[in-house]
Amino acid sequence: MTLDLSRLVHSVAQQGFTELDKTGLRGQRDEGLVCPLINPQLSGSDDLNVSWGRIRPGQHHLRHHHPDASEFYVVVGGEPLIHLGDQNFRARPGDAVYIPKSVVHGLTNDTDQDVDLVVGMSVAENWTFIPDE
Numbered sequence: 003m004t005l006d007l008s009r010l011v012h013s014v015a016q017q018g019f020t021e022l023d024k025t026g027l028r029g030q031r032d033e034g035l036v037c038p039l040i041n042p043q044l045s046g047s048d049d050l051n052v053s054w055g056r057i058r059p060g061q062h063h064l065r066h067h068h069p070d071a072s073e074f075y076v077v078v079g080g081e082p083l084i085h086l087g088d089q090n091f092r093a094r095p096g097d098a099v100y101i102p103k104s105v106v107h108g109l110t111n112d113t114d115q116d117v118d119l120v121v122g123m124s125v126a127e128n129w130t131f132i133p134d135e
């Protein structure tokens, strides 16, 4: 079988970032940037979605949950404050965070450095985003 590497290999430099586009319960914007790397459109994936996320200093990724998908974060750079359920903790580069279905989660960058993280979803597309703030 010959693999089409142009569909299977993608980079942040190639894809670029777009702003998150969700809104919260009071109309506030979700903050941060996302760069898709593995999904149905780019790579034909039918079981996985992986992106690179960037949360700039002072930005907040709204607390929310997904009733139909689990998620993970792997912190690559920066030290975000991660909100997971009713707890908050300071993550560091190299930390991996598993977020089960329906668990409320979010992220705040209260530092002066960008936070970079790899973000993955257990379904390829069309998961539900329910804001909790």
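Under the numbering used here, think of the first position of the sequence shown as 3, with each following residue one higher. Glycine residues also receive a C-beta, built at the ideal position from the N, C-alpha and C atoms. Model, not experiment: these values are computed from the prediction.
Asked, Found
"For Glu127, which residues in the same chain have their Cβ closer than 7 Å to its Cβ, ignoring the five residues on either side in sequence?", "Asn41, Pro42 and Asn51"
"Grouping DSSP H, G and I as helix and E and B as strand, with all else coil, what is Arg28?", "coil"
"Looking only at C-alpha atoms, which of Asn90, Pro82 and Val106 sits nearest to Asp114?", "Pro82"
"What span of residues does the beta strand (DSSP E) with Ser8 cover, start to end?", "Run containing Ser8: none in the beta strand (DSSP E); it sits in the alpha helix (DSSP H), Leu7 to Leu10."
"For my contact list, Gly108 and Arg65 are in at a C-beta cut-off of 8 Å; report their separation, rounded to the angstrom.", "4 Å"
"Can you look up Pro42 in the DSSP assignment and give me helix, strand or coil?", "helix"
"Look at the alpha carbon of Asp97 and the alpha carbon of Lys24, and state the distance between them as a whole number of angstroms.", "25 Å"
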